[in-house]
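Visitor: Quick note: the sequence shown, position 352, residue 682 per the numbering used here, numbers continuous.
Note that CB positions come from ideal geometry on N, CA and C, so glycine has one too.
Below are the structure tokens for one structure; questions will follow.
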Amino acid sequence: MSESPRIRPLSEALANQIAAGEVVERPASVAKELLENALDAGARRVDIACEEGGVRSIRITDDGVGVHPEDLALALQRHATSKVATLAELETVASLGFRGEALASIASVARVRLISRRAGAEEAWSVAAEGGEPGAPEPAGHPVGTTVEVRDLFFNTPGRRKFLRAERTELAHLETVVRRLAMARPDLTLSLRHNGRQRLHFPATEDRARRLRDVLGRDFGEAAHPVALEAEGLAIHGWTRAEAGELHTFVNGRAVRDRLLQTALRRAGEDLGLEGAPAAVLHLSLPPDEVDCNVHPAKAEVRFRRGRDVHDALVHAVGEALSGAFVADSGGSAAAVAESVPEWRPEPAASGAMAGTPSPEGGGARVLAVWPEGYALLAGEPPRILDLHAARTALYRRRLGAPGKVAARRLLVPLDLTDHRVPHLWPRQGDALATLGLVAMAEGERLRVERLPDVIADTEPAGWIPELLARLEAGEDSGEALVAAAANHPAAPPTAQGVAELVRVLEAGEGMPEDATRALEAATLRGLMDRK
Numbered sequence: 331m332s333e334s335p336r337i338r339p340l341s342e343a344l345a346n347q348i349a350a351g352e353v354v355e356r357p358a359s360v361a362k363e364l365l366e367n368a369l370d371a372g373a374r375r376v377d378i379a380c381e382e383g384g385v386r387s388i389r390i391t392d393d394g395v396g397v398h399p400e401d402l403a404l405a406l407q408r409h410a411t412s413k414v415a416t417l418a419e420l421e422t423v424a425s426l427g428f429r430g431e432a433l434a435s436i437a438s439v440a441r442v443r444l445i446s447r448r449a450g451a452e453e454a455w456s457v458a459a460e461g462g463e464p465g466a467p468e469p470a471g472h473p474v475g476t477t478v479e480v481r482d483l484f485f486n487t488p489g490r491r492k493f494l495r496a497e498r499t500e501l502a503h504l505e506t507v508v509r510r511l512a513m514a515r516p517d518l519t520l521s522l523r524h525n526g527r528q529r530l531h532f533p534a535t536e537d538r539a540r541r542l543r544d545v546l547g548r549d550f551g552e553a554a555h556p557v558a559l560e561a562e563g564l565a566i567h568g569w570t571r572a573e574a575g576e577l578h579t580f581v582n583g584r585a586v587r588d589r590l591l592q593t594a595l596r597r598a599g600e601d602l603g604l605e606g607a608p609a610a611v612l613h614l615s616l617p618p619d620e621v622d623c624n625v626h627p628a629k630a631e632v633r634f635r636r637g638r639d640v641h642d643a644l645v646h647a648v649g650e651a652l653s654g655a656f657v658a659d660s661g662g663s664a665a666a667v668a669e670s671v672p673e674w675r676p677e678p679a680a681s682g683a684m685a686g687t688p689s690p691e692g693g694g695a696r697v698l699a700v701w702p703e704g705y706a707l708l709a710g711e712p713p714r715i716l717d718l719h720a721a722r723t724a725l726y727r728r729r730l731g732a733p734g735k736v737a738a739r740r741l742l743v744p745l746d747l748t749d750h751r752v753p754h755l756w757p758r759q760g761d762a763l764a765t766l767g768l769v770a771m772a773e774g775e776r777l778r779v780e781r782l783p784d785v786i787a788d789t790e791p792a793g794w795i796p797e798l799l800a801r802l803e804a805g806e807d808s809g810e811a812l813v814a815a816a817a818n819h820p821a822a823p824p825t826a827q828g829v830a831e832l833v834r835v836l837e838a839g840e841g842m843p844e845d846a847t848r849a850l851e852a853a854t855l856r857g858l859m860d861r862k
């Protein structure tokens, strides 16, 4: 029997690449981290230029305060930051970035050049890194501010590079990051160029409603209702509309995806008879010590000290905003509609350590491990291996099995695609797909997707719609083609939380499909753990 491997410290290069796996998923996550750095530097204008969806290159230029020449090389090293120096500062951090690992993580999997000039300095300085260790700073020409160039993402980790999607899919993710930042910071001028062509431009404005119209379109702005609530250190403002759709939430200026906020929106919609959560853009402001933003590698999730208060306040605020819309639509009295909106009163703050965010749904499987290849390990006697593709396929098939009764979600930003198969396929298949929740308008080879079935709203339509068209062209049934195509294109790598929710939904319905799980034997476990 061979001797088990000895425990040893990881090399700095390998540790950085592992950290990059948590922070850098795709070009859009690179852009997100660099944009947050620009805002923390006090930028009022940020210009983004990219090539080939950001895989070949991303260049972000800001007019912020710049980096001191002696700090340039440090900026590309892990755990070097100007944002926090003590635990107390970490617990009350107000900046978007604070860990000091984003630039080092990016530099470990790409070719990076950082150029910066501080106000009052006679010249700029630059430093470069290729897959890790930065070189010596050199003089350079640059206005006051900073430019970060990132080229050849994942050039030294081909296993990661092969998981990137098509150019248009990666570009769509980049545009989403820019749009979210534009909604969070209307006082910021933002532009995005792709392959030399202007894609987005948002001039700075003091009018939040105007910025909302610029980002999401006039249709959303005209149908949206203002949301406003201030009490007990919590402020909520934004817009919502009286139909199911996308949710964009910002906590202290940070774009987040939070189950607590999503659940509150669903509750507000259910109280008013909506199928699903209402479309909304919401900004929440709390004291920094009331929210923990250090609970997710990419800072995409947060934890609230008084989670129940935040949940109830959001239900109340959105319900109040929408009650007028339902009165106008139904002709009912405001008093009758208001009865369905729960009154909100903050509960006393919990003492001691940061309280966990409540999960109104509860339940869920215990997930021991998740593999990006599409498998998860579930606790049990014996443990089970879950095939995520088979599980997603079963869920989509069940939820899309009753045409005409499928809950659909309006996209806040319609998705435009061009495909030569649209003219001869969509006139014949469009109506059938619309009964399944996929609503799109065809004009020549152009397809504008306006709604998606709610059950597949977390997939990559820019990736699976071409596959859907190919399957329809091959003669597949429209429902089966939609299920198969969408199941092949999840929006993000699987997470333990997402897997637990998937298992919960399947088991609460018709049960887990037989082909989705199998009992785990010791030999199988060793093989999975040995995967490179």
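Have a look at ALA826, PRO824 and LEU799 and flag the residue whose alpha-carbon is nearest the alpha-carbon of VAL813.
Guide: As a first step, residue 813 is located in the sequence shown; it is residue number 483 there, counting from the start. The option with the nearest alpha carbon to VAL813 is LEU799.
Visitor: Starting from PHE580, trace the beta strand (DSSP E) in both directions and tell me its first and last residue.
Guide: In the sequence shown, counting from the first residue as 1, residue 580 sits at position 250. It spans 577 to 581 - the beta strand (DSSP E) in which PHE580 sits, taken as one unbroken run.
Visitor: Can you find a CB in chain D that lies within less than 7 Å of the CB of ASP845?
Guide: Any reference to chain D falls outside this structure, which holds one protein chain only.
Visitor: Report the start-end ranges of each beta strand (DSSP E) in the stretch 770 to 808 that is 3 residues or longer and not cut off at the edges.
Guide: With a minimum length of 3 residues, the continuous beta strand (DSSP E) runs that stay inside the stretch 770 to 808 are 776 to 783.
Visitor: Expressed to the nearest angstrom, what Euclidean distance is found between the alpha-carbon atoms of ALA449 and GLY396?
Guide: Locating residue 449 in the sequence shown gives position 119, counting from the first residue. Locating residue 396 in the sequence shown gives position 66, counting from the first residue. Approximately 7 Å, taken between the alpha carbons.
Visitor: So, with DSSP's three-state summary, where would you put LEU406?
Guide: Working through the sequence shown from its first residue, we reach residue 406 at position 76. If DSSP states are grouped into helix, strand and coil, LEU406 belongs with coil.
Visitor: What ranges does the beta strand (DSSP E) occupy inside the stretch 586 to 649, keeping only unbroken runs of at least 3 residues that lie completely in it?
Guide: 608 to 615, all fully within the stretch 586 to 649.
Visitor: Tell me the DSSP bridge mates of GLN528?
Guide: By 1-based counting over the sequence shown, the position of residue 528 is 198. DSSP, once it has assigned bridges, lists ARG523 as partnering GLN528.
Visitor: Put GLU363 into one of helix, strand or coil per three-state DSSP.
Guide: Against the sequence shown, residue 363 aligns to sequence position 33. Helix, per DSSP.
Visitor: Quick check: what's the CA-CA separation for HIS833 versus ALA849?
Guide: Counted from its first residue, the sequence shown places residue 833 at position 503. Counted from its first residue, the sequence shown places residue 849 at position 519. For clarity, residue 833 is Val in the given sequence; the question names His instead. Each residue's Cα considered, the two are about 15 Å apart.
Visitor: Report yes if the CB atom of LEU716 is closer than 7 Å to the CB atom of THR847, and no otherwise.
Guide: If you number the sequence shown from 1, residue 716 lands on position 386. If you number the sequence shown from 1, residue 847 lands on position 517. In this structure, THR847 lies closer than 7 Å to LEU716 by Cβ.
Visitor: Are the stretch 374 to 393 and the stretch 453 to 460 in contact at 8 Å, needing three or more beta carbon pairs?
Guide: No contact exists between the stretch 374 to 393 and the stretch 453 to 460.
Visitor: From which residue to which residue does the beta strand (DSSP E) around PRO469 run?
Guide: In the sequence shown, residue 469 corresponds to position 139, counting from 1. Here the beta strand (DSSP E) through PRO469 covers 468 to 470.
Visitor: Measure the alpha-carbon distance for GLU552 versus VAL581 and round it to whole angstroms.
Guide: The count along the sequence shown starts at 1 and reaches residue 552 at position 222. The count along the sequence shown starts at 1 and reaches residue 581 at position 251. Cα to Cα, the separation comes out at about 25 Å.
Visitor: Three-state secondary structure (DSSP) at HIS399?
Guide: Taking the first residue of the sequence shown as 1, we reach residue 399 at position 69. Residue 399 is actually Pro in this sequence, not His. Residue state, collapsed to three classes: helix.
Visitor: On the DSSP bridge assignment, give the partners of ARG281 in chain order.
Guide: For the chain, the structure presents residues 331 to 862; residue 281 sits outside this window and is missing.
Visitor: HIS555 bridges to which residues according to DSSP?
Guide: Here residue 555 corresponds to residue number 225 of the sequence shown, with the count starting at 1. HIS555 pairs with THR570.
Visitor: With DSSP collapsed to three states, give me the class of GLY704.
Guide: By 1-based counting over the sequence shown, the position of residue 704 is 374. Coil.
Visitor: For HIS641, does the count of other Cβ atoms within 10 angstroms reach 16, so buried, or fall short, so exposed?
Guide: In the sequence shown, residue 641 corresponds to position 311, counting from 1. Flag for HIS641 reads buried.
Visitor: I need the straight-line Cα distance from ALA502 to ARG538, nearest angstrom please.
Guide: Along the sequence shown, read from residue 1 onward, the residue named residue 502 stands at position 172. Along the sequence shown, read from residue 1 onward, the residue named residue 538 stands at position 208. For ALA502 and ARG538, the distance between alpha carbons rounds to 23 Å.
Visitor: In whole angstroms, what separates the C-alpha of VAL829 from that of GLY704?
Guide: Position 499 of the sequence shown holds residue 829. Position 374 of the sequence shown holds residue 704. Computed Cα separation, rounded: 10 Å.
Visitor: Whole angstroms are fine: how far does the CA of HIS750 sit from the CA of GLY774?
Guide: Within the sequence shown, residue 774 is the residue found at index 444, counting from 1. Within the sequence shown, residue 750 is the residue found at index 420, counting from 1. So the two alpha carbons sit approximately 8 Å from each other.
Visitor: The alpha helix (DSSP H) with VAL835 in it runs from where to where?
Guide: Here the question's residue 835 lines up with position 505 in the sequence shown. Looking at the DSSP string, the run of the alpha helix (DSSP H) that includes VAL835 is 826 to 838.
Visitor: Could you tell me which of GLY383, ARG543, GLU366 and ALA512 sits nearest to THR476, measuring between CA atoms?
Guide: Here residue 476 is taken as the residue at index 146 of the sequence shown, counted from 1. That would be GLU366, whose Cα lies nearest to the Cα of THR476.
Visitor: For VAL376, which residues does DSSP report across the bridge?
Guide: Mapped onto the sequence shown, residue 376 falls at position 46. Per DSSP, ASP392 and LEU520.
Visitor: In the DSSP assignment, find the alpha helix (DSSP H) that holds ALA764 and state where it starts and stops.
Guide: Locating residue 764 in the sequence shown gives position 434, counting from the first residue. First-last of the alpha helix (DSSP H) with ALA764: 752 to 764.
Visitor: For the beta strand (DSSP E) that ALA849 lies in, which residues bound it at each end?
Guide: Within the sequence shown, the letter at position 519 stands for residue 849. It spans 847 to 849 - the beta strand (DSSP E) in which ALA849 sits, taken as one unbroken run.
Visitor: I need the boundaries of the alpha helix (DSSP H) containing LEU730, first residue and last residue.
Guide: Taking the sequence shown and counting its residues from 1, the one referred to as residue 730 is at position 400. It is not in any alpha helix (DSSP H) - LEU730 carries neither H nor E in the DSSP assignment.
Visitor: In three-state DSSP terms, what is ARG584?
Guide: In the sequence shown, the residue the question calls residue 584 occupies position 254. ARG584 falls in the strand class under three-state DSSP.
Visitor: On the criterion of 16 or more Cβ atoms from any shown chain inside 10 Å, does HIS754 qualify as buried, or is it exposed?
Guide: Taking the sequence shown and counting its residues from 1, the one referred to as residue 754 is at position 424. Burial call: exposed.
Visitor: Do LEU504 and GLY384 have their CB atoms nearer than 7 Å?
Guide: Walking along the sequence shown from the start, residue 504 turns up at place 174. Walking along the sequence shown from the start, residue 384 turns up at place 54. Yes; because the gap between Cβ atoms is below 7 Å, this pair is in contact.
Visitor: Could you say if the stretch 595 to 609 and the stretch 570 to 579 meet the contact criterion of at least three C-beta pairs nearer than 8 Å?
Guide: At 8 Å Cβ cutoff, the stretches touch.
Visitor: Could you check if PRO473 is buried or exposed, using at least 16 other CB atoms within 10 Å of its CB as the buried criterion?
Guide: Here the question's residue 473 lines up with position 143 in the sequence shown. Per the 10 Å Cβ criterion, exposed.
Visitor: Across which residues does DSSP place SER446 in a beta bridge pair?
Guide: Position 116 of the sequence shown, counted from the first residue, corresponds to residue 446. In DSSP, SER446 forms a bridge with TRP455 and THR476.
Visitor: Go through its chain and collect everything with a Cβ distance to VAL769's Cβ below 6 Å, but skip five positions before and after it.
Guide: Position 439 of the sequence shown holds residue 769. Within the same chain, VAL769 has close Cβ partners GLU780 and ARG781.
Visitor: Out of ALA772, GLY568 and ALA585, which one is the CA nearest neighbour of SER359?
Guide: The count along the sequence shown starts at 1 and reaches residue 359 at position 29. If we check each option's Cα against that of SER359, ALA585 comes out closest.
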